[in-house]
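Below is one structure, written out as structure tokens; the observations come after it.
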Ligand code: ADP
Ligand code: ADP
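Numbering (this note's numbering), first residue to last: 140 to 364.
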């Protein structure tokens, strides 16, 4: 599986050029999107997950084109935005059950197994009866990742996954993603903190002012710095 981003630019209605001729190939495994605030990371992610159209350029995923095959591509996607919020009044397990049903798992028993499996994977089984709203920040992030992954997406896009997490939660989060990257999926993580993801990514790109300032392995980036 491969994502091809070609000559992609995004100019917002106010004239702001958030992405400026971005060219990237992203293969299976973990891909890091680095850059300071305002670099264009969220804009690129929103285009990749079909929430926003580019002004110029194209994106393809294998033989699918983002514009022409939106439906097929959406069925492959799992997206965890930075400002992800929970519905109020849902228990932790109910929240995952709802996510599982949205992803098309109709059979209740299969859903229950899936929910238990993911509660266990992200370390929330013991708090499954707690209101999702009342979980700690790190737990909410883990619930967010579980709800993103429960439908087995092939392409996983996570915006600033470790923001606001303490060191222990960061390691925990990284381990969940590392385990996933052994499978045939593409995981794209954005961050403004290089050290957070460089150890788990096979490849990364550094965005600056909407342009790709570097692409390659984390080792090559460190050598260059
Ligand atoms: P990052 O995720 O790296 O912080 P963004 O993609 O959010 O970067 O933003 C890139 C630039 O585009 C920033 O200057 C931001 O203020 C601007 N921007 C983002 N969204 C909009 C919008 N809807 N309208 C105008 N400018 C925007
Ligand atoms: P991020 O960097 O994570 O994208 P932002 O604070 O830049 O977060 O953006 C939050 C929201 O505000 C987004 O929906 C973005 O599209 C919008 N936004 C950001 N900058 C601008 C801007 N200059 N004008 C209009 N909307 C903006």
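No residue lacks a Cβ here, since even glycine has one placed at the ideal position from N, Cα and C.
Beta-carbon contacts of residue i that lie in its chain and below 7 Å, excluding the five residues immediately before and after
i	result
residue 144	161, 162, 163 and 198
residue 201	140 and 141
Close Cβ partners of residue i (< 6 Å) along its chain, the five nearest in sequence each way excluded
i	result
residue 287	217 and 219
residue 167	140, 323 and 325
residue 193	147, 149 and 186
Residue i burial status per 10 Å Cβ neighbour count (16 or more: buried)
i	result
residue 356	exposed
residue 352	exposed
residue 180	buried
residue 152	exposed
Beta-carbon separation (whole angstroms), residue i vs residue j, contact threshold 8 Å
i	j	result
residue 327	residue 170	5 Å
residue 253	residue 289	6 Å
residue 262	residue 281	7 Å
residue 178	residue 348	7 Å
Spatial distance of residue i from residue j (CA atoms)
i	j	result
residue 225	residue 271	7 Å
residue 345	residue 315	24 Å
residue 210	residue 174	30 Å
residue 141	residue 242	23 Å
residue 172	residue 334	12 Å
residue 182	residue 246	36 Å
residue 231	residue 215	24 Å
residue 302	residue 337	15 Å
residue 300	residue 283	10 Å
residue 176	residue 157	11 Å
residue 306	residue 343	22 Å
| Counting pairs of Cβ atoms below 8 Å between the region 182-189 and the region 236-249, do you hit three or more? | No, because fewer than three Cβ pairs between the region 182-189 and the region 236-249 fall closer than 8 Å, the two stretches do not touch.
| the region 268-283 touching the region 304-314, judged by at least three CB pairs closer than 8 Å | Contact between the region 268-283 and the region 304-314 is present: three or more C-beta pairs spanning the two stretches fall below 8 Å.
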